[in-house]
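Inspection log for the structure reproduced underneath, given as structure tokens.
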Amino acid sequence: MSAATLLRDVFGFDGFRPGQQEIVEAVTDGKNTLAIMPTGGGKSLCFQLPALVRDGVTVVISPLIALMRDQVRGLKEAGVVAGALTSGNTEEETDEVWRNLENGTLKLLYIAPERLASNGAQRMLRQAGVSMIAVDEAHCVSQWGHDFRPDYLRIGDLRRDLDVPLAAFTATADAETRDEIVAKLFGDHPPEIFLHGFDRPNIHLAFAAKDGPRAQILNFANVRREQAGIVYCGTRAKTETLAKALRDAGHSACHYHGGMEADDRRHVERRFQQEDGLIVCATIAFGMGIDKPDIRWVAHADLPKSIESYYQEIGRAGRDGAPAETLTLFGPDDIRYRRQQIDEGLAPPERREADHGRLNALLGLAEALHCRRQNLLSYFGEDPAPCGHCDLCDKPADVFDGTTPVRMALSAALRTEERFGAGHLIDILQGNMTEKVAQRSHDQLPTFGVGKEYNRVQWQAIFRQMMGHDLMRPDAERHGALRMTQKARPILRDEATIDLRRDTIKSAKSGPKIKQMVSEEDAPLLSALKAKRRAFAEQLGGPAYIVFNDKTLIEMAEKRPATLDDMARIGGVGTKKLDSYGAAFLEVINGEAEALHPKRQKLAGRTEGTIYDRLLEVQADLSRGPEGTDKPMSCSASQLAKVASQKPSDVQSITRLLGDRHADRFGTAFLSVLRDV
618 MSAATLLRDV FGFDGFRPGQ QEIVEAVTDG KNTLAIMPTG GGKSLCFQLP
668 ALVRDGVTVV ISPLIALMRD QVRGLKEAGV VAGALTSGNT EEETDEVWRN
718 LENGTLKLLY IAPERLASNG AQRMLRQAGV SMIAVDEAHC VSQWGHDFRP
768 DYLRIGDLRR DLDVPLAAFT ATADAETRDE IVAKLFGDHP PEIFLHGFDR
818 PNIHLAFAAK DGPRAQILNF ANVRREQAGI VYCGTRAKTE TLAKALRDAG
868 HSACHYHGGM EADDRRHVER RFQQEDGLIV CATIAFGMGI DKPDIRWVAH
918 ADLPKSIESY YQEIGRAGRD GAPAETLTLF GPDDIRYRRQ QIDEGLAPPE
968 RREADHGRLN ALLGLAEALH CRRQNLLSYF GEDPAPCGHC DLCDKPADVF
1018 DGTTPVRMAL SAALRTEERF GAGHLIDILQ GNMTEKVAQR SHDQLPTFGV
1068 GKEYNRVQWQ AIFRQMMGHD LMRPDAERHG ALRMTQKARP ILRDEATIDL
1118 RRDTIKSAKS GPKIKQMVSE EDAPLLSALK AKRRAFAEQL GGPAYIVFND
1168 KTLIEMAEKR PATLDDMARI GGVGTKKLDS YGAAFLEVIN GEAEALHPKR
1218 QKLAGRTEGT IYDRLLEVQA DLSRGPEGTD KPMSCSASQL AKVASQKPSD
1268 VQSITRLLGD RHADRFGTAF LSVLRDV
């Protein structure tokens, strides 16, 4: 049966959506294919339809059980023999899949990537007559992507093992992510790449600074009563409190997060699919598998983690093509939290730097000067005209030439060797004589006090906009220090100008003071120490506090020990932990760790350590004798450690420890050191 006939008879469509037909033809012809299509653009059809045209079974690798079950249910209702092997299956469902595999009627088999870890699964797929692999949400294979799943890395091996064509699909993938998908899934068989427009013109885009966020979400929902919506929240607790607030305001609302029992999550998914006008307050655990066509609005109570995440999440609205609306709230604490997530990750520095760049791109969207959609689509490589259908097209932002304050900020960073975060740079610009400014003589800089026109929160807003323009990024190896990007250089050299939003600077508020574990300046270092702790904890297979508790890490971040002696004086760092972890944590704090002999290391933080160091200095002076003409001689580290620990008080005692020759050369000088202690 032809694809056109199947499209009409099975799926009920008279024609393809834009871009679908050429992808369907490539996949049907058995070509390796990578298709990047907008959310709601009909990705599923592009592998489901070829699966029906082709002989054999198409195995579909998909990341969420909910998504698989939804698609299998829809296919069965359309008369297609499809099944899924998931941990959520009933015994009857699994038996049905095996039966249909054995009798050769199964056309699509959905499995999770985790199942590929089993040798039995690969053997089963070889025997099942698989003729094609389809990979949904293919960005999960990329460590640059926003939903990385390690088990996706096995798919390339499966393709080679089965020697069948592979079709991969995703809604969001920037250039780096696309390159990694190709490398990891296709190897030396490059795919045909289809990159289709990311625009969803029916979705209205809007951002707002947080100003009583609960009331902002309630007001947004109140204007859209009886309409299905999703509110994405940054924490599990917030999903529950916000859902209750919506119910108290007369809405039908429930919550959804990864900490709920599986049955409770399925109950919410079922309600959302079946009930009209239900609002779900959810973490990002909800949505990848949701294909409800009539979601009329999506709100973010907290800033998403990247533009890719934002695009995926708003893309759940308006899949029927009818008008849909979005609102994304953001504030300084969101940005701090997202930076902290990046800094506490175990990724290498270049990956963390790229992630800070991605967050900058999202800030650029939040603080955009002109059309929101232009800004969003340009990130994905498109060059659209203004949309006329976003908050900034509805009401243009108040923009001014911000070159002067930006140049002041860049100059302050440059003159302090890009070693400090926004807090210290603002103190310099405002002329605040803090202890840190005085210690480093930064009051002598030409930029000291040049920025008194703006108060502290206004300067913070300027720095946020500068990061939104990607002029500065947190340095992944200097714990919160801001480093200029190449885009900043022309502005600093007076070769370019830059506009800023006056409205967000004027309306900047300090807001309620949130209790932080450490100061703003020390927070990035604390995040880096936590990342190192987590790495050790994962090696041990135990909880993080077994390495060091939070109180110990906070003291490290605040006191910044420079030596193992300093480290040994931090509360919670005993001899064994100093030996096991001291050098590694010093390296995080200082970029390097001092090299100490193990015998000296055991004395770290004790008076004996200081004595050992003095003995070492004296020994160096006398190594060739008092006149500097004798044969070189030195004590072993073990001998020095014994002298420092036992503190002999006379020549006989020190001779017993060192022997006659060494006592003759060093004994008197060593005793002098011990008497001075």
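Mapping to this note's numbering: the sequence shown position 361 is 978, numbers consecutive. Where a beta carbon is used, it is the ideal one built from N, C-alpha and C, also for glycine. Computed from a prediction, not measured in an experiment: that's the story for all the values here.
Asked	Found
Best match in ILE847, ARG716, PRO1178, GLN688 for proximity to ALA1201 [C-alpha to C-alpha]	PRO1178
C-alpha gap between PRO1129 and GLN688, whole angstroms	With a pLDDT of 49 at PRO1129, under the threshold of 50, the modelled position of this residue cannot be trusted; read the value that follows with caution. Their backbone Cα atoms lie some 46 Å apart in a straight line.
Start-to-end residues for the alpha helix (DSSP H) that takes in PHE1153	1140-1157
Exposure of ASP1044, with buried meaning 16 or more beta-carbon neighbours within 10 Å	buried
Within 9 Å, strictly: CB atoms of ALA838 and ILE896	yes
Contact under 9 Å by Cβ, PHE811 with ALA643	yes
TRP914 - partner residues in DSSP beta bridges	GLY846, GLU942
Spatial distance of ASN720 from LEU775 (CA atoms)	24 Å
Where ASP1182 falls, given that 16 or more other Cβ within 10 Å makes a residue buried	buried
Per-residue DSSP class, three states only, for ALA738	helix
Neighbourhood of VAL1164 by C-beta, 6 Å cutoff - its chain only, sequence neighbours within 5 removed	ARG1150, PHE1153, ALA1154
Start and end residues, beta strand (DSSP E) containing ARG1100	1099-1101
Coarse secondary structure for ASP972, derived from DSSP in three states	helix
Local conformation of VAL1074 per DSSP, three classes	helix
Pairwise C-alpha distance: MET1050 and ILE1131	Residue placement at ILE1131 is poorly supported in this model, since its pLDDT is 48, which falls under 50; the coordinates still yield a value, given next. In a straight line, the C-alpha of ILE1131 is about 24 Å away from that of MET1050.
C-beta neighbour in chain B for LEU1117, strict 9 Å	Annotation note: the requested chain B is absent from the structure, which comprises a single protein chain.
Neighbourhood of ILE1299 by C-beta, 7 Å cutoff - its chain only, sequence neighbours within 5 removed	Not covered by the structure: residue 1299. The range shown for the chain is 618 to 1294.
Among ALA788, GLU925, VAL799, MET654, the one whose alpha carbon lies nearest that of GLY974	GLU925
Three-state secondary structure assigned by DSSP to VAL781	coil
Range of the contiguous beta strand (DSSP E) that encloses SER748	747-752
Distance, LEU1042 Cα to GLY948 Cα	20 Å
Cβ neighbour criterion (16 or more within 10 Å) applied to ASP828	exposed
CB of TYR769 within 9 Å of CB of PRO807, strictly	no
Sub-9 Å separation of ARG1301 and ASN977 beta-carbons	This structure cannot speak to residue 1301, because the chain is shown only from 618 to 1294.
For VAL1135 and ALA1174, believed in contact at Cβ under 8 Å, the rounded distance	5 Å
Simplified DSSP state of CYS757, which is helix, strand or coil	helix
Rounded C-alpha distance that separates ASP626 from SER661	17 Å
CA nearest to the CA of PRO1297, picked from ALA916, VAL799, CYS898, ARG990	Because the chain is modelled from 618 through 1294, residue 1297 falls outside the range shown and cannot be assessed.
Straight-line gap, GLU809 to GLY647 (C-alpha atoms, nearest Å)	11 Å
C-beta atoms of PRO966 and HIS987 nearer than 9 Å	no
Neighbourhood of SER679 by C-beta distance below 6 Å, restricted to the same chain and skipping five residues each side	MET685, TYR727, ASP753
Anticipated Cβ contact below 8 Å, CYS850 with ALA918, distance rounded	5 Å
Neighbour-count burial assignment, LYS1012, 16 or more Cβ in a 10 Å radius	exposed
For LEU725, the three-state DSSP class (helix, strand or coil)	strand
Nearest-angstrom Cβ-Cβ length linking GLY1199 and THR1169, presumed shorter than 8 Å	In fact, because the Cβ distance is near 12 Å, the residues do not count as touching under 8 Å.
Spatial neighbours of ILE901 in its chain, beta-carbon cut-off 6 Å, leaving aside the 5 residues before and after	none
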